[in-house]
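A.B. asks: In my numbering, the protein residues as written are 681 to 1083. Just so you know, even glycine gets a beta-carbon here, dropped at the ideal spot from N, CA and C.
(1) By how many angstroms is the C-alpha of residue 939 removed from the C-alpha of residue 752?
(2) If you follow the alpha helix (DSSP H) that residue 877 is in, where does it begin and where does it stop?
(3) Just the C-alpha distance for residue 982 and residue 919, rounded to the nearest angstrom, thanks.
(4) Going by DSSP, what residue range makes up the alpha helix (DSSP H) through residue 900?
(5) Can you look up residue 929 in the DSSP assignment and give me helix, strand or coil?
(6) Note the first and the last residue of the continuous beta strand (DSSP E) segment covering residue 1000.
(7) Starting from residue 892, trace the alpha helix (DSSP H) in both directions and tell me its first and last residue.
(8) For the beta strand (DSSP E) holding residue 952, just list the boundary residues, first then last.
(9) Tell me whether residue 754 sits in a helix, a strand or coil according to DSSP, three-state version.
(10) Per DSSP, residue 1035 is paired with what?
(11) So the beta strand (DSSP E) residue 977 belongs to, where does it begin and stop?
(12) Once the 5 residues before and after residue 999 are set aside, which same chain residues still bring their CB inside 7 Å of it?
(13) Quickly, what does DSSP pair residue 729 with across the bridge? List them, please.
(14) In terms of alpha-carbon separation, which member of 734, 742 and 733 lies closest to residue 996?
(15) So, using beta-carbon positions, are residue 756 and residue 911 closer together than 8 Å?
(16) Identify the continuous beta strand (DSSP E) that holds residue 1022 and give its terminal residues.
(17) Check residue 936 in the structure and name its three-state DSSP category.
(18) Starting from residue 1084 and walking both ways along the alpha helix (DSSP H), at which residues does that stretch end?
(19) Have a look at 793, 837, 850 and 778 and flag the residue whose alpha-carbon is nearest the alpha-carbon of residue 809.
(20) By how many angstroms is the C-alpha of residue 985 removed from the C-alpha of residue 745?
(21) What's the call for residue 935, buried or exposed, on a 16-neighbour Cβ count within 10 Å?
(22) At the level of alpha carbons, what is the spacing between residue 764 and residue 787?
(23) Can you check which of these residues, 785, 1040 and 1044, is closest to residue 1103 by C-alpha distance?
(24) Whole angstroms is fine: what's the gap from residue 1004's alpha carbon to residue 1040's?
(25) Got a sec, what are the start and stop residues for the beta strand (DSSP E) residue 1055 sits in?
(26) Where do the N-terminal and C-terminal ends of the beta strand (DSSP E) with residue 910 fall, by residue?
(27) Do residue 1036 and residue 1027 have their CB atoms nearer than 8 Å?
(28) Between the C-alpha atoms of residue 900 and residue 908, what's the straight-line distance to the nearest angstrom?
(29) Once DSSP output is grouped into helix, strand and coil, what is the label at residue 922?
(30) I need the boundaries of the beta strand (DSSP E) containing residue 769, first residue and last residue.
(31) Along the chain, where does the beta strand (DSSP E) that runs through residue 786 open and close?
(32) Check each candidate in 1006, 1034, 925 and 1013 and name the one with the smallest Cα separation from residue 1046.
(33) To which residues of the same chain is residue 1069 closer than 6 Å at the C-beta, ignoring the five residues directly before and after it?
(34) Using beta-carbon positions only, say whether residue 917 and residue 960 come within less than 8 Å of one another.
(35) Hey, would you say residue 856 sits closer than 8 Å to residue 840, going by beta carbons?
(36) In the DSSP output, which residue or residues are listed as bridge partners for residue 1010?
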């Protein structure tokens, strides 16, 4: 039978066996409670460092970039209309020539023989004509005598009719002989022309940029005259033919200025001016472009036909604008709650008291790197945010409160 003291000790858990049991029961509760407290702790936000840049005042140039090739203002392909053997060539590459200057000559022996034959044919035709004309005179005289005798009944009607027919045949012979003379004269002129074309002369003032013949070479002129020389007009003025993309052609106009570079002189910038924007489309690999022709001054003859050029056409140029980098227009804060503060339309973000703040703006021209701010409350001394750099704060070691 227990005593009153023992009953009190058992009620308070002071008995040895009861005390051990109570601690085992409380241990899981302590562990679970500690975990709940750890999970309820919110992780700290990462440290955010902003990349900033002030807006600036400056000039803005809007350009269109395109590539093309340089060509002479006028280029003539010179060929031979006469077949034959090249006897002499009097010019070479890069030689300057003038109008009418002899550049080459074909062997003329065959052509001269044809010319002699044509002259003889003309002389023969003229002799035939003279003979026919004499026959007409004779036939007409005989016909007149026959009519006189017939009227006095001294000649039969049959004889008169025969004489009149002979007179008509003589007149026809004259007409035929005259036609033969005309044909022979034409053949003579043709032979003279062919002989003259055996001498190749320059049709323009210029420079020889291509020579395709040498002495002894045979020229065979048929339906198309074989090319012997290419002469370019004065190379101190040239043309630049650019292929402008269809997305940019609406901004291109005659009279606009351009600058360009060529691989031969990468540090030299040349100037040009648009003189023609062609309507005819050029389609290559489903890409549509439009040929645009620019006038180029080449006083030092540095530029040569066929050179590839990369040009920038000046579309518009403005001065003293408030400009912001395009990156600032694309920036958004990482915190979505803050990003939602931006107004509809275009915004830039400025740093105020260490926090991003949206500033609504109206944008204008852009060159792809900077954009004009036409209106808005953006000041010249604002601190624009263009990017962020994240650095995560240190975590508790071990990954938990007990590790």
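C.D. replies: Well, looking at it:
(1) One-based indexing of the chain shown puts residue 752 at position 72. One-based indexing of the chain shown puts residue 939 at position 259. C-alpha of residue 752 to C-alpha of residue 939: approximately 18 Å in a straight line.
(2) Position 197 of the chain shown holds residue 877. Secondary structure note for residue 877: its alpha helix (DSSP H) is the uninterrupted segment 837–877.
(3) For the purposes of this step, residue 982 is taken as residue 302 along the chain shown, with counting starting at 1. For the purposes of this step, residue 919 is taken as residue 239 along the chain shown, with counting starting at 1. Counting only the Cα atoms, residue 919 lies some 14 Å from residue 982.
(4) Your numbering for residue 900 matches position 220 in the chain shown. In the DSSP assignment, residue 900 falls outside any alpha helix (DSSP H) and carries neither an H nor an E.
(5) Counting from one through the chain shown, the residue named residue 929 turns up at place 249. In this structure, residue 929 counts as helix in the three-state DSSP scheme.
(6) Indexing the chain shown from 1 puts residue 1000 at position 320. Note, residue 1000: beta strand (DSSP E), 988–1005.
(7) Taking the first residue of the chain shown as position 1, residue 892 is located at position 212. Run containing residue 892: none; DSSP gives neither H nor E here.
(8) If you number the chain shown from 1, residue 952 lands on position 272. Here the beta strand (DSSP E) through residue 952 covers 945–964.
(9) As a first step, residue 754 must be located in the chain shown, where it is residue number 74. Reduced to three states, the DSSP call for residue 754 is coil.
(10) Numbered from its first residue, the chain shown carries residue 1035 at position 355. Paired residues: 1032.
(11) Within the chain shown, the letter at position 297 stands for residue 977. First-last of the beta strand (DSSP E) with residue 977: 967–977.
(12) The count along the chain shown starts at 1 and reaches residue 999 at position 319. These residues qualify, in order along the chain: 739.
(13) Position 49 of the chain shown, counting from 1, holds the residue named residue 729. For residue 729, which the question treats as bridged, DSSP gives the partners 1069.
(14) Here the question's residue 996 lines up with position 316 in the chain shown. Answer by Cα proximity: 742.
(15) Position 76 of the chain shown, counted from the start, is the residue given in the question as residue 756. Position 231 of the chain shown, counted from the start, is the residue given in the question as residue 911. Yes, Cβ-Cβ distance for residue 756 and residue 911 is below 8 Å.
(16) Translated into positions along the chain shown, residue 1022 becomes position 342. Bounds of any beta strand (DSSP E) do not take in residue 1022, whose DSSP letter is neither H nor E.
(17) Here residue 936 corresponds to residue number 256 of the chain shown, with the count starting at 1. In this structure, residue 936 counts as coil in the three-state DSSP scheme.
(18) Because residue 1084 is not part of the residues shown, which for the chain are 681 to 1083, the question remains open.
(19) On the chain shown, position 129 is the one that residue 809 refers to. When each option's Cα is compared against that of residue 809, the closest is 850.
(20) The residue labelled residue 745 in the question sits at position 65 within the chain shown. The residue labelled residue 985 in the question sits at position 305 within the chain shown. So the two alpha carbons sit approximately 21 Å from each other.
(21) For this step, residue 935 is matched to residue 255 along the chain shown. Exposed, since its Cβ has fewer than 16 Cβ neighbours within 10 Å.
(22) In the chain shown, residue 764 corresponds to position 84, counting from 1. In the chain shown, residue 787 corresponds to position 107, counting from 1. Inter-residue distance for residue 764 and residue 787 is about 6 Å (C-alpha atoms, whole angstroms).
(23) Examination of residue 1103 is not possible in this model, given that the chain is present from 681 through 1083 alone.
(24) Taking the first residue of the chain shown as 1, we reach residue 1004 at position 324. Taking the first residue of the chain shown as 1, we reach residue 1040 at position 360. Distance between the alpha carbons of residue 1004 and residue 1040: 13 Å.
(25) By 1-based counting over the chain shown, the position of residue 1055 is 375. Where residue 1055 is concerned, the enclosing beta strand (DSSP E) stretches over 1050–1056.
(26) Translated into the one-based positions of the chain shown, residue 910 becomes position 230. Judged by DSSP secondary structure, residue 910 falls within the beta strand (DSSP E) whose first and last residues are 907–912.
(27) Against the chain shown, residue 1036 aligns to sequence position 356. Against the chain shown, residue 1027 aligns to sequence position 347. A distance of 8 Å or more separates the beta carbons of residue 1036 and residue 1027.
(28) Taking the first residue of the chain shown as position 1, residue 900 is located at position 220. Taking the first residue of the chain shown as position 1, residue 908 is located at position 228. Residue 900 and residue 908 have their alpha carbons spaced roughly 12 Å apart.
(29) Translated into positions along the chain shown, residue 922 becomes position 242. Here residue 922 sits in strand by DSSP.
(30) On the chain shown, position 89 is the one that residue 769 refers to. Element bounds for residue 769: 764–769.
(31) For this step, residue 786 is matched to residue 106 along the chain shown. Secondary structure note for residue 786: its beta strand (DSSP E) is the uninterrupted segment 782–786.
(32) Position 366 of the chain shown, counting from 1, holds the residue named residue 1046. Comparing Cα positions, the closest option is 1006.
(33) For the purposes of this step, residue 1069 is taken as residue 389 along the chain shown, with counting starting at 1. Closer than 6 Å at the Cβ level, and outside the excluded window around residue 1069, lie 729.
(34) As a working mapping, residue 917 is identified with position 237 in the chain shown. As a working mapping, residue 960 is identified with position 280 in the chain shown. Contact: no.
(35) In the chain shown, counting from the first residue as 1, residue 856 sits at position 176. In the chain shown, counting from the first residue as 1, residue 840 sits at position 160. No, these two residues do not count as a Cβ contact at 8 Å.
(36) On the chain shown, position 330 is the one that residue 1010 refers to. Residue 1010 pairs with nothing; no bridge assigned.
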